[in-house]
Each structure stands twice: as C-alpha cells, then as structure tokens.
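> Residue numbers (this note's numbering), protein chains in the order written: chain A, 8 to 332; chain S, -5 to 284; chain Z, 67 to 322.
The beta-carbon is built from N, C-alpha and C at its ideal position, and this holds for glycine as well.
Since the structure is predicted, the reported quantities are computational estimates derived from the model, not experimental observations.
Could you have a look at this structure, given as structure tokens, before my questions?
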C-alpha cells in the first residue's frame, strides 16, 4: 500500500480531487491543440507548480515558515540569465551553477535561521527574500538593476534549442510532473515521514531519535532546490528577468497558490498553482487590480477554506469529516 | 566630514523615532493578542496619504486634516480586526496564517489606495515653516523637533494609559492571561479591537509626522512595516520603550550606512541588523516583556 | 545489573529546586515506578534523564555510559525512549505512519532512497510489516489508516506506546501512561506493561494510579519536593513511614 505514489492513492479516495486532475489534464491537452495565449499561461503555471511544490515540502510537510524562497529563485535565475545572455554559457551549465549558488546560500543562511521559530522565523526568511531583491536592484553592474536583463536564450543543449511554444510547454509540464512525483515520493518515504513528524511534534520526533535540526535543514535545501529550478526555468521561458520577477508579488502569488490548493498535500500545490495561474490576466504585466484580487482571495480562502482544494470534499459532505471517528 | 556624520545621526534619530512609533504599534497588538500585524505599514501610509488628500483636495487646514486622518486610520484598523483578524481568531488559525492574512490585507489596502488616488507621490508641508535650528554646525529642522516631541508624548501617554486607566489595565490583563481576563469580565474581543485601533492610530500618526520630510505614496507601507518590525525586535518584542530605542538605533545605523557606504546600502543595512538580532539576540536590547 | 543510574541529579530553576540530588538505580529488567505527589519533580526528572533538560548537577548513566547533557535524539539512539505526559502524536500522519516513524532509528534511507521508489519498495515493506505487528499487539491494527488525530484518547496513549516500542528501546520511559484512561483501559494497560517487561524491555514509569503501580511495578521510587524519599519493592515502600507521612497516610494504606 505505502509504496504506491500518494497522488494516485489520494485521488482514488477523493472523487473531487480526481475530477480536478482529469480537468487539469484535459486543459493541458486542449491548450496544446488550440494554441494561442493560453500556452504562455500554462507555461507560467508549470513553473509555479515547481516552486510551490518545493515550498510545500518545507512548509506543508515539515510545518515550517518561509517568506523568502523567492531569494533562491532569484539567485539561480539571475545566474542563468547573466551567464547565458552575457557570457554565452550553455543553459544547462549556467543553471547548474545557479542551482549550486542557491543551495550554497540556503545552507549558509539555513543554519542560523532554522533555529528560530514562529514569527521570528517568518521575519528572518522575509528579510532574506528582501535582501535578495535589494541585491538584484543595487548590484547594477551584474544585474542591470531595475532595467533587468533581456535577450536570454531559450533552453537547449548544444545546437538544438527549444524554440516552439508547444515544445517548451511540453518540456515545462514534464519538469513539473517530475517535480510533483518526486515530492510525492518524498512524502511516502522515511524522509517525508520524518518531516511530517517534525511538524507534528518536535519533542516526540527527537525522543524517537530524529535529529530535528538536521532534517529541517534538509527540507529547506530541497525546497531551495525546487525554487532555484523554477527561477532558472523562468528566465529561459520568458527571455527576460528583472528584480520584480522575484519580488513580493512572487511570494504572495505562491502563497495564494499554496493555500488555494491545500497546504500539506502534493496534489494541492500542483492544482493550486494551475488554478491561480489560470485566473485572467495572470501573466500580463503586474496590473493594479491583479494584486488586489489576489490579496482579497487569499484572505477569503484563509478564513473559509484553509484546507484549500485538497479538502473540498470535506467541505461538502459532513459525513466524510467524521470518517474514522 | 564630522559635520556630515553628525547631521546624519540627527536625521537618523528623527526617522528612528518614526520607526519606533510603528514598532510600538506592533507591540500593542502583539501584547494584546500575540499576533504580528503585517498591515501596520499600511496605517503609516494612510496617515500621510489621507492628511495630504484632506489638505490638498478639500482645503482642510493641516492640524485638523491630521486629526481627521489619524481618526480614519484608526477606524481602518478596527475594520481590519473585524473583517480579517477576528474570523481567523475565532477559527484558531495558526500564527502563520494570521501573518499571511495581514500581509494580504496590507496589499489590498495598498492597491486600493493606488486605484483610488493614483501612484503620484504626495507630500505635506512642514508643520512650522521656520528655518532650522543650528547646533554646533548641525541643522535641526523644526519637523525633527515635532517628531521627537510627539514621540516623547506618545511614550508618556501610553505609559500612563496602560498603568493608570481602567481600559489600559484591562488591555494589559488580556495580554498577560486572556482566559483569566475573560473570567474577570473583561470583554476580550473588544480589547482586541481597541488594540488594533490604538495601533493603527500610532501608525497613522507616524505617517503624518514623517511625510513632511519624505514623500508618501501607495507603496511606502511595506518598508515602514519592516522598519517598525526591526525596531520592535531590536528593542525587545513587546516593550514600547524598547521599540522606540530600537527604532532610533535602526535609524542612526541606516543613516550612517548611507553616509559611509552609499545610498545603495540603506535597506541592506536595515535587513542585516534584523538578521543579526534574530540570530544572536532575538530577545532584543531590553529583553522581551513579561 | 543497573541499566540506568542517576547520581546526585539536581535540577534548579532559579531559586526553585525541582529535583534535589536524586540518586536512583533502575534495573535492566522489570517495571520500576516513580511516584510522588503533584509537583514532586517527576516529569522534570524524566526531562533530565531523556535529555530534554540538562541537570544543574549530577550525572546520568545509561548502559554504563555517561549520557548527561546529551541531546534527546542521541539518547534515543542508545536505547532510551520516552513518552510524554500529554500524548504527543504526529496528528497529520496516519496511525500506521506514526509507528513507522518509531522505526526511524532502525531503518535507513534519505533523499536518494525517497526518489527511487523501486529501491525503497523492499525496505518499506519490511517497515510496514514490523509496524503492523506492533499495532496488532496493542489492538490498533484496524485503525491503521486513520489520522492519528481522530483517535479517542485511550487509543492515542496506546499508539504512543506502540510507537515508542517500534524504536526497540532497552529502557522505556512512560510519563503517566494511565492518565485519562478508564478502568477497562487501565487494566489492559497493566497487562501490556507486564508483557513489555517480559519481552526484555525495562520500563520506568511515572504514575499516580496506585493500584496500577502496585500491580505492575517490581520496584518503586518515591519523590517528594524533588527529593528521593524511598526506593524498594512496592510493599517496602508502602510501609515506609516517611512515605506514609508524605502522602498523609491515606492513599497508600487504602490500596494495601
């Protein structure tokens, strides 16, 4: 029972989730066939699926808090951008270096930060995210500040590049699928159980021999990796990067997706990202009403449906809520 | 050079008092409920913004405009409490959810202001239009004196309020032990609303005081919230006097960083101080209250 | 052979001395109970033994090695596992998963194993079987897929014990395992405890339920105001005048 991937298992038990997955798959196929503007929206959604799934590992599984994962996306993304656009590196090599940078930063920063709890942890991670933003803005010689870097080449290896929209969409969806499967695999494993144990009771976890500090750091690093991948994929998909890409907007968007989907579940992160990304005008330049809408939606969800989509059926049928009592 | 540094320190102290006022706002709500209200910065922005609108669009004289603005901001605080905080409170949401919700509220307020008033920065005239004082070569504008004076009055007023008035003592009781306070007949939920109103008023006042020296715009909220939070942490979360001292320390450190390292380091300096304290002395300079 | 040895263990909180120079020996077999009035320092003692607090003075030795001041996870690794006064289950995990976490020390596998499901399959099967066996032992096998949070309190306490046993401890520390249980559940707990002791796991428990203690314990230690008043067989302790005085003579005598 347990070795089977949890997404399938959860979906089998929960018809609402199954319906959502089918709809998501149908949408992808539809968009692939008809093309147009929605392809870009789905590309954006796929990248955010990766980011949010990683964040869910740290916040949903291990029960920690981070307002600053955009920093890791920024480090990896900017490294990819600068190396490929200005120095002619191969995207894979640039991305590898960017990811290493993000992981190194997470390691250095994680060690003191993860000893903090509650709002101290929240604020420390927020500070990290803000510092990354500041560096992106101020280190003009490398990042071109507010103007950003454009002309970033598309993904590819050697001579072959991904130039068509549809090809890029397939690549991104596959990456997102891989990211989600990996997260599900983690949840089902001894590692994932240790994470969730920590969120349940740190004391009890330690009493059973789990080195809590060590595992928190691992969760942090894994989620930083996911953030870095998302960050680098973004710059190649869009061809342009600026500090705003990784600013507070990303944080709010990611949290909205995390909570719409349902924090703690693998399906939740993926579905939440897709749903939120599909709201109208998502990837157009930050328009005034957009953030207002996200803020309001997030508040409503936090109050009335904190379990998100993943807990939909629980909201509808009271009978399910008492299952197992 | 020394004069430049001295000048920086002077202005750092003044802006630091503003940060301190914002930080005190954090403390008031935190002490009353354990919530970190991330919308605090929005109150600062609204304070200056509404005063400016009252003054420039409706021609209301500055002192009256300021009072009206602070009162309005206070009401916004109560609305925030009722609409966002109370429902989450009643559902016993986690602390993180509350922080996230107040952050979302900050964004809603910010964007609403943008839509209603536009993105042009606004200013207020100085309170007293006299050339600045000169002390050993350092210019101290009267606005700085206003800021210092008001901050001192606020601290004294709050101290008296919490120590001597019935309501103030009731609020303190709620922060020490909510259940016991409720059993004593203290209307805890009303105290919560009151703490938000008070905190919002403090933020609004900070906004009014600081806008003559800097501009205000729809998006100045978050930087002030962060600065206020840093002030509160540095001072020792929960202690109003600590928040003021923390704010002054932050303001001076920032000013010195700008003078000695360059303007680019202003925010990095502030955030580094925050991280330093969080990592090495989370209880702050004075240690946490209680 | 003494498995656990406390040597003059003291724990102070400012001016308050919670545990006062306690020297105690716990044998490697059987059930030892620590009793005493509320506030006598029993849980603090457990906290010191299991590494959640460092002692202000004194030493703790387990299986002949110093464990004073070691962190809880290191002590658990050596075979000393504790439960908590208020059941600390992993509410977001299922009943079965809770026990699997108990197997953490005796399984391996980190990120790499997690990402390769076929490699993981075999060790996961082993863990699953071991965990199910433990659940059957406490009668919770049918609830294996329920979230731990929905169990009734009595079953939560049983789950906590099953989970602790999953870690294959040499010494099991139980903090008030009978608290909140009804008579039926307490009887079943008593036989479970005897069964655990017979299987070779030493048990050290804090308890208030005197009939449980008298039925189950091989040795009893009495704490009052942080000091060790007496230790010995249940009978000896029952007749000890200092102990009788501490309990005002009524409780123990009534259960004689």
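1. For the stretch 18 to 92 of chain A, list the alpha helix (DSSP H) runs that are entirely contained and at least 4 residues long, ordered along the chain.
2. Please check the pair residue 88/Z and residue 270/Z, which I expect to be a contact at CB under 8 Å, by giving their CB distance rounded to whole angstroms.
3. Note down the Cα distance separating residue 81/A from residue 52/S, rounded to an integer number of angstroms.
4. Which residues in chain S sit within 8 Å of residue 264/A, going by Cβ to Cβ distance?
5. Is residue 275/S helix, strand or coil by DSSP?
6. Counting only beta-carbon separations shorter than 8 Å, does residue 222/Z have a partner in chain A?
7. Near residue 145/S, which residues of its chain fall below 7 Å by C-beta distance, leaving aside the five closest residues on each side in sequence?
8. Who does residue 27/S pair with in a DSSP beta bridge?
9. Just mark residue 233/S as buried or exposed, buried being the case when its beta carbon has 16 or more other beta carbons within 10 Å.
10. Based on Cα-Cα distance, which residue from 74/A, 117/A, 273/A lies nearest to residue 317/A?
11. Which residues of the stretch 86 to 120 of chain Z have a Cβ closer than 9 Å to any Cβ of chain A? Give them in chain order.
12. For a contact meaning CB atoms closer than 7 Å, what does residue 200/A contact in chain D?
13. Taking beta-carbon pairs under 8 Å, can you tell me which members of the stretch 166 to 188 of chain A lie near chain Z?
14. Among residues of its own chain, excluding the 5 on either side of residue 290/A, which ones have a beta-carbon nearer than 7 Å to its beta-carbon?
15. Per DSSP, what are the beta-bridge partners of residue 93/Z in this structure?
16. How many angstroms separate the CA atom of residue 298/Z from the CA atom of residue 306/Z?
17. At which residues does the alpha helix (DSSP H) containing residue 143/Z begin and terminate?
18. Would you decide whether residue 272/S is buried or exposed? Buried here means 16 or more other CB atoms lie within 10 Å of its CB.
19. Among the candidates 224/A, 297/A, 103/A, 199/A, whose CA atom is the shortest distance from the CA of residue 159/Z?
20. I'd like the span of the beta strand (DSSP E) that includes residue 127/Z, first residue to last.
21. Output needed in chain order: residues of the stretch 216 to 237 of chain S with a Cβ under 8 Å from some Cβ in chain A.
22. By Cβ distance, which residues of its chain are closer than 7 Å to residue 252/Z, with the 5 residues on each side in sequence left out?
23. Would a check of beta-carbon distances place residue 156/Z closer than 8 Å to chain A?
24. Just to check my reading of the structure: residue 164/A and residue 99/A have Cβ atoms closer than 8 Å, yes? What is that Cβ distance to the nearest angstrom?
25. Under the three-state reduction of DSSP, which class applies to residue 42/S: helix, strand or coil?
26. Within the continuous beta strand (DSSP E) that includes residue 241/Z, where are the two ends?
27. Report the residue from 3/S, -2/S, -3/S, -4/S whose alpha carbon sits nearest the alpha carbon of residue 247/S.
28. Thinking residue 127/Z and residue 77/Z are a contact (beta carbons under 8 Å), I'd like their distance in whole angstroms, please.
29. Which ranges does the alpha helix (DSSP H) cover as unbroken runs of at least 4 residues, wholly within the stretch 98 to 184 of chain A, from first to last along the chain?
30. What did DSSP end up calling residue 290/A once you bin it into helix, strand or coil?
31. Residue 197/A touches chain Z at which residues, Cβ-Cβ below 9 Å?
32. How big is the Cα-Cα spacing for residue 144/Z and residue 218/A?
33. By the three-class DSSP mapping on this structure, what secondary structure does residue 210/A have?
34. Sorted by chain position, which residues of the same chain lie with C-beta nearer than 6 Å to residue 240/A's C-beta, five sequence neighbours on each side aside?
35. At a CB-CB cut-off below 9 Å, which residues of chain S make contact with residue 302/A?
In short, the structure shows the following:
1. 22 to 41, 44 to 63, 77 to 88
2. By 1-based counting over the third chain, the position of residue 88/Z is 22. By 1-based counting over the third chain, the position of residue 270/Z is 204. Not confirmed; about 13 Å, so no contact.
3. Start at 1 with the first residue of the first chain, and residue 81/A comes out as number 74. Start at 1 with the first residue of the second chain, and residue 52/S comes out as number 58. Rounded to whole angstroms, residue 81/A to residue 52/S spans 45 Å at the Cα level.
4. Position 257 of the first chain holds residue 264/A. Here the premise fails: no neighbours, minimum Cβ distance about 13 Å.
5. The residue given as residue 275/S occupies position 281 in the second chain. Of the three classes helix, strand and coil, the one that applies to residue 275/S here is coil, per DSSP.
6. The count along the third chain starts at 1 and reaches residue 222/Z at position 156. No - not a single Cβ of chain A is within 8 Å of the one on residue 222/Z.
7. For the purposes of this step, residue 145/S is taken as residue 151 along the second chain, with counting starting at 1. Hits under 7 Å: 11, 14, 15, 238.
8. By 1-based counting over the second chain, the position of residue 27/S is 33. In DSSP, residue 27/S forms no bridge with anything.
9. Locating residue 233/S in the second chain gives position 239, where the first residue counts as 1. Its Cβ being crowded by 16 or more others within 10 Å, residue 233/S is buried.
10. By one-based count along the first chain, residue 317/A stands at place 310. Per the Cα distances, 273/A.
11. 116, 117, 118
12. In the structure shown, chain D does not exist; the protein chains are A, S and Z.
13. none
14. Residue numbering aside, residue 290/A sits at position 283 when the first chain is read from its first letter. Note that residue 290/A has pLDDT 46, beneath the 50 cutoff, so the model's placement of it is unreliable and the number below is only indicative. These residues qualify, in order along the chain: 47, 48, 51.
15. Sequence index remark: in the third chain, residue 93/Z carries index 27 (1-based). According to DSSP, residue 93/Z bridges with 68/Z.
16. Here residue 298/Z refers to the residue found at position 232 of the third chain. Here residue 306/Z refers to the residue found at position 240 of the third chain. Answer to the nearest angstrom: the Cα atoms are 10 Å apart.
17. Residue 143/Z sits at position 77 when you count from the first residue of the third chain. Residues 138 to 143.
18. In the second chain, counting from the first residue as 1, residue 272/S sits at position 278. Counting Cβ neighbours within 10 Å, residue 272/S comes out buried, since at least 16 surround it.
19. One-based indexing of the third chain puts residue 159/Z at position 93. With distances taken between Cα atoms, residue 159/Z lies closest to 199/A.
20. Locating residue 127/Z in the third chain gives position 61, where the first residue counts as 1. Its beta strand (DSSP E) spans residues 123 to 128.
21. 216, 220, 223, 227
22. The residue given as residue 252/Z occupies position 186 in the third chain. Counting only Cβ-Cβ distances below 7 Å, and skipping sequence neighbours, we find 244, 275, 278.
23. Counted from its first residue, the third chain places residue 156/Z at position 90. So, interface residue.
24. Along the first chain, read from residue 1 onward, the residue named residue 164/A stands at position 157. Along the first chain, read from residue 1 onward, the residue named residue 99/A stands at position 92. Contact flag correct, Cβ pair sits at about 6 Å.
25. Position 48 of the second chain, counted from the first residue, corresponds to residue 42/S. DSSP places residue 42/S in helix when its eight states are reduced to three.
26. Residue 241/Z sits at position 175 when you count from the first residue of the third chain. It spans 237 to 241 - the beta strand (DSSP E) in which residue 241/Z sits, taken as one unbroken run.
27. Translated into the one-based positions of the second chain, residue 247/S becomes position 253. It is 3/S.
28. Counting from one through the third chain, the residue named residue 127/Z turns up at place 61. Counting from one through the third chain, the residue named residue 77/Z turns up at place 11. Wrong, their Cβ atoms sit about 16 Å apart, outside the cutoff.
29. 98 to 120, 125 to 145, 147 to 150
30. For this step, residue 290/A is matched to residue 283 along the first chain. Because the pLDDT at residue 290/A is just 46, under 50, the model does not fix this residue reliably, and the value given afterwards should be weighed accordingly. The answer is coil: DSSP assigns residue 290/A none of H, G, I, E or B.
31. Locating residue 197/A in the first chain gives position 190, where the first residue counts as 1. In chain order: 166, 167, 169, 170, 173, 174, 175, 176, 179, 180, 186, 189, 190, 193.
32. Mapped onto the third chain, residue 144/Z falls at position 78. Mapped onto the first chain, residue 218/A falls at position 211. Rounded to the nearest angstrom, the two C-alpha atoms are 14 Å apart.
33. Counting from one through the first chain, the residue named residue 210/A turns up at place 203. DSSP places residue 210/A in helix when its eight states are reduced to three.
34. Counting from one through the first chain, the residue named residue 240/A turns up at place 233. Within the same chain, residue 240/A has close Cβ partners 54.
35. Residue 302/A sits at position 295 when you count from the first residue of the first chain. Under the 9 Å cutoff, chain S gives 97, 98, 99, 100, 101, 102, 103, 104, 105.
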